[in-house]
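Numbering (the working numbering), first residue to last: 1038 to 1233.
These notes are about the structure you will find just below.
Spelled out as structure tokens, the structure:
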């Protein structure tokens, strides 16, 4: 597929895997398309790890630079988004270990606007969303990471095993305890689970 084909075809018509092949061949437009498609998810994921908006932006940049440089090594054993989140996790953990621990800027962390979300939906869920964010922040980093990967990133157990590089039973155990803890926190906040 040529760069001309990329510009004349709607973005979603080109698979992530095809974009990676184009990136490996040096096509900058393919890189821009991949970045546009995945930057918000990578940013949100990194922000939950590093807890600093500026550092999360740096992680996003480093993740996509790494993807650009190593696209030829992508073997397709996982989805492109799983591969990107694996890179982002490594970069975020490295960045978090390099800097002193700072408190989470919860407004920046949780109010990243997803371009797919409508303003009406955002306003309608602000109060409940604030309470849920408090609950998520009360989780341990390991449990918050699992919840993020499953519910916000839509990853399967197999993909989480690959991203976190931990055994499948550990993923399942963390998911069980994360859900249990989150449910208790939600009840304590007075949030109706049926509305969630």
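Even glycine gets a Cβ: it sits at the ideal position worked out from N, Cα and C.
Taking the Cα positions, residue 1129 is about 9 Å away from residue 1097. Rounded to the nearest whole angstrom, the CA to CA distance from residue 1200 to residue 1188 is 15 Å. Restricting attention to 1056, 1078, 1220 and 1197, the CA atom closest to the CA of residue 1094 is found in 1078.
Between residue 1181 and residue 1085 a beta carbon distance of about 6 Å is seen, short of the 8 Å cut, so the two are scored as contacting.
For residue 1205, the number of other beta carbons within 10 angstroms of its own is below 16, and it is reported as exposed. Going by C-alpha positions, residue 1123 is about 15 Å away from residue 1133. Taking the Cα positions, residue 1100 is about 16 Å away from residue 1190.
Within the same chain, 1211 come within 7 Å of residue 1179 by CB-CB distance, once the 5 residues on both sides are set aside.
In the three-state reduction of the DSSP assignment, residue 1121 falls in the helix class, which pools H, G and I. Within its own chain, the residues whose Cβ lies closer than 8 Å to the Cβ of residue 1105, once the five positions on either side in sequence are excluded, are 1060 and 1068, listed in chain order. Scanning the stretch 1055-1118 from its first residue to its last, the whole alpha helix (DSSP H) runs of 4-plus residues come out as 1065-1087 and 1090-1107.
With 16 or more neighbouring CB atoms inside 10 Å of its own CB, residue 1072 falls in the buried class. For residue 1168, same chain residues with a beta-carbon under 7 Å away, outside a window of 5 residues either side, are 1226 and 1228 in chain order. Our two residues, residue 1198 and residue 1207, have alpha carbons roughly 9 Å apart in a direct line.
When only Cα atoms are considered, residue 1074 and residue 1080 end up about 12 Å apart. The residue from 1221, 1213, 1194 and 1217 with its alpha-carbon nearest to that of residue 1119 is 1194.
About 6 Å separates the Cβ atoms of residue 1113 and residue 1054, confirming a contact at the 8 Å cut-off.
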